[in-house]
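Each protein sequence line maps, in turn, to chains A and B.
In terms of the working numbering, the first sequence opens at residue 207 and continues consecutively.
In terms of the working numbering, the second sequence opens at residue 968 and continues consecutively.
By construction, the Cβ of each residue, glycine as well, lies at the ideal position given by its N, Cα and C atoms.
Predicted model, so just to flag it, every value in this text is computed and none were measured.
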Amino acid sequence: MGQGKKPEGKKRVASRDGFRREFIQFLVLFFALWLFSYLLTKRYPGFIVSAQLLVAREVEFILNLIGYKFSVTGSSFLFETAHGGENLVVIAECTGIYTSIIYFSIVGAYPARAGEKIVGLLMGIPSIHVMNLARMIFISLVLYHKRELFDFFHGYLWQIGFVIFMLFLVILWMGRIVKGGVQSRTPVSTDPAED
Amino acid sequence: MGDWERIRSRYSIGAILLFLLRFIAASALLYLLYRKLGSYYVQLLSHGAEPLLSIFGHSIDIDRALLVTEDISLNTIVFLSLVIASAGTPALARLRSALSGLAILTAANILVVFLMFLSVYEKSERLWTGTEFMNLTINFFLPILLWFMLIQVKSIRRTDPS
């Protein structure tokens, strides 16, 4: 360190090459995990249907608890609102399953220790589920009370809200749980000036 | 300290919360703007897919395309909000990154519209599955990936102390 410009420069280039290699590894692993999990949901569509029914039962439970009137068939709701009947159907995208899989793939592919990954998943997946449930309840209430704002909140909370929440979880996990040092197991520089 | 470490070390709880607040403010404003002017962007995507479909001997149903594209074009708002919320990056660098990212997302969105229509016209379940996978990736991962590569990594490199 500080012994000359050339070795320092070489070290920096080697470090960048190491980062580039790890980043490409991360992307390859991420896409492999994401594609594999996505194809599993296609291979076993019953899993998605179960997730839809689970979310529908939870929404049903909470709306019942706070005293709203509705009827439910499978994962399809008919709300009895002051302005008439309103339909809400819990589809695959409403279950948070794809966001969960993408989060799982990011955590799985990131260079961290197995224990840190497990903590990340135990923290993240339930949080995404709870966030999704809160979103479903919120847009149901919007449907009851402010129908004209439904499209606004549905669009905003679905994609924009979900992406930032997932990113928040990833950053929180990377910044607070992952201690670092895993990548140092893979030497990024063979420059003797380092020693 | 490696690049992963440097990126990680930036995120204290306070920094994360401030970033989130800036993101929410930027995305709410952009979303409001999108509700007013987004139809132009949606038309751009639909018309962009038209020449690709014509290569395969199909034409685009603009009304249906407008309905489809409305749902898939919010990724640009997510990306732009991430760029705006990234304080500490010079304005010009952010502008350059925003334009590059926007161009990539727009091209990806046009490709999704094209593939959606092609899979319907060709009655291909496999192509539809692939398109859905691509669409989910573009909506939920690509904005984050572009932000990370165009803002975070570049910013780390700019502030590299060595």
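| Query | Result |
| --- | --- |
| Test: A399 of chain A CB closer than 9 angstroms to a CB of chain B | Because A399 of chain A carries a pLDDT of 34, less than 50, the predicted location of this residue cannot be relied on, and the following value inherits that uncertainty. Not an interface residue. |
| Residue span of the beta strand (DSSP E) that contains V295 of chain A, given as start and end | 290 to 295 |
| Start-to-end residues for the alpha helix (DSSP H) that takes in F344 of chain A | 320 to 351 |
| Of the residues B:A1074, B:L1112, B:S1122, B:S979, the one placed nearest F1046 of chain B, counting alpha carbons only | B:L1112 |
| Beta-bridge pairing of L403 of chain A - partner residues as DSSP gives them | One cannot answer for residue 403 of chain A here, as it falls past the ends of chain A, which runs 207 to 401. |
| Reference F151 of chain A, options A:S311, A:F225, A:E286, A:S256, closest by Cα | An answer regarding residue 151 of chain A cannot be provided, because it is not within the stretch 207 to 401 covered by chain A. |
| CB contact check: S1026 of chain B to chain A, cutoff 9 angstroms | no |
| Start and end residues, alpha helix (DSSP H) containing E266 of chain A | 251 to 271 |
| Helix, strand or coil at L233 of chain A according to DSSP, with G and I counted as helix | helix |
| Proximal residues to L1069 of chain B (C-beta, below 8 angstroms), its chain only, five neighbours per side dropped | T1043, F1046, L1047 |
| Under 9 angstroms (Cβ pairs) to chain B, residues found in the stretch 350 to 380 of chain A | D357, F358, G361, Y362, W364, Q365, I366, G367, F368, V369, I370, M372, L373, F374, V376, I377, L378, M380 |
| Beta-carbon proximity check, L985 of chain B vs A1054 of chain B, cutoff 9 angstroms | yes |
| Chain A within 9 angstroms of F986 of chain B, Cβ atoms only | yes |
| Validate contact between the stretch 354 to 373 of chain A and the stretch 274 to 282 of chain A using beta carbons, cut 8 angstroms, 3 pairs | no |
| C-alpha gap between I1051 of chain B and I1105 of chain B, whole angstroms | 19 angstroms |
| Contacts that T305 of chain A makes with chain B (C-beta to C-beta distance below 8 angstroms) | F1107 |
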